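I have placed the structure first, in the form of structure tokens, so that the comments after it can refer back to it.
Numbering (the numbering used here), first residue to last: 2 to 54.
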């Protein structure tokens with residue numbers, strides 16, 4: 002038995018708020034925390050490769 006998806010109605014505001022909150026936290030986690038760590042690891046690897054020896 003399948004339901005007609007056109008009859009579901011609008012999404013409640015609380016779900017939109019939850020979605021945008023989760024998306025905002027994910028953006029902060031990725032761009033503010035993980036990107037500088039990733040760039041630091043890349044720079045450390047680049048410097049290690051440049052070292053004579």
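We put the beta carbon where it would ideally sit given N, CA and C, even for glycine.
Since this is a predicted model, take the numbers as computed values, not measurements.
Kindly list the residues whose CB is nearer than 7 Å to the CB of residue i, restricted to its own chain and excluding five residues on each side of it in sequence; keep chain order.
i          : result
residue 17 : none
So, for residue i: in the same chain, excluding its five sequence neighbours on each side, which residues have a beta-carbon less than 6 Å away from its beta-carbon?
i          : result
residue 15 : none
residue 33 : none
Excluding the 5 residues flanking residue i on each side, which residues of the same chain have their C-beta closer than 8 Å to its C-beta?
i          : result
residue 21 : none
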